[in-house]
Amino acid sequence: SKANCNKPFYKGYGGSSFFRSAILPGWGQLYKNEKAKGYTVMAATLTLASVSLISYSQYTANYGYAKQTQNYDMMVQYINTGDNWATASTVTGIAAGALYVYNLIDAIAAKGEKRYASNNPRIKFYPTIGETGLAFCLTIPIK
Numbered sequence: 002s003k004a005n006c007n008k009p010f011y012k013g014y015g016g017s018s019f020f021r022s023a024i025l026p027g028w029g030q031l032y033k034n035e036k037a038k039g040y041t042v043m044a045a046t047l048t049l050a051s052v053s054l055i056s057y058s059q060y061t062a063n064y065g066y067a068k069q070t071q072n073y074d075m076m077v078q079y080i081n082t083g084d085n086w087a088t089a090s091t092v093t094g095i096a097a098g099a100l101y102v103y104n105l106i107d108a109i110a111a112k113g114e115k116r117y118a119s120n121n122p123r124i125k126f127y128p129t130i131g132e133t134g135l136a137f138c139l140t141i142p143i144k
């Protein structure tokens with residue numbers, strides 16, 4: 002058997018980061034102390050989703066204008082503009098969805114910053130008694 006000093010010093014994050022990322026994209030990465038990735042995922046996902054919703058709103062508005070006008074040229078212009086907004090809404094919606102899925106996979110798969118069983122940053126050297134006799138343990142926190 003091994004001496005007491007062979008304790009694991011890395012602790013995983015479990016499913017907590019996944020559930021956080023499912024609620025708010027990037028939150029799981031922030032929980033794992035991957036700040037740059039977390040803020041980037043959060044900002045990009047929210048931006049893409051917002052642009053998709055705004056584009057969809059513009060699409061429906063232009064189709065509404067096309068139904069109300071009596072001028073054929075204006076109706077065609079509204080329909081063409083509405084189609085462009087619909088394309089923008091679809092593309093940004095798909096991109097937001099893909100980034101959301103990436104966010105969930107990353108929240109599970111990425112290890113994140115190492116977490117230690119002890120928050121004590123000191124180097125320790127101490128004797129311990131194991132089954133085979135006296136041993137000396139050296140504990141050095143690595144961050």
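Heads up: the sequence shown begins at 2 in the working numbering, then just goes up one per residue.
Beta carbons are placed, not taken as given, at the ideal position from N, Cα and C, and that holds for glycine.
All of these numbers come straight from a predicted model, not from anything done at the bench.
Nonlocal neighbours in the same chain, by C-beta distance under 8 Å from residue i, ignoring five residues either side
i, result
"S56", "W86, A87, A89, S90 and T93"
"L54", "S90"
Neighbourhood of residue i by C-beta distance below 6 Å, restricted to the same chain and skipping five residues each side
i, result
"S2", "For S2, the pLDDT reaches just 44, beneath the cut-off of 50, and the residue's location in the model is therefore unreliable, although a value from the coordinates is still provided. If we look at S2 and ignore the five residues flanking it on each side, its Cβ neighbours are E132."
"P26", "V42, M43, T46, Y101 and N104"
"M76", "A67 and T70"
"G39", "G27, Q30 and L31"
Proximal residues to residue i (C-beta, below 7 Å), its chain only, five neighbours per side dropped
i, result
"G16", "none"
"D107", "Q30"
"F19", "G29, L105, A108 and I109"
"Q59", "W86"
Pairwise C-alpha distance: residue j and residue i
i, j, result
"G98", "Q71", "38 Å"
"A62", "V42", "30 Å"
"L49", "Y73", "34 Å"
"I80", "A67", "6 Å"
"A110", "K36", "16 Å"
"Y14", "T82", "47 Å"
"Q78", "V52", "22 Å"
Simplified DSSP assignment, three categories, for residue i
i, result
"A89", "helix"
"A111", "coil"
"A99", "helix"
"G134", "strand"
"T70", "coil"
"Y64", "helix"
"S17", "helix"
"N34", "coil"
Residues that DSSP places opposite residue i in a beta bridge
i, result
"P146", "Absent from the model: residue 146. The displayed extent of the chain is 2 to 144, so no value can be given."
"T129", "A136"
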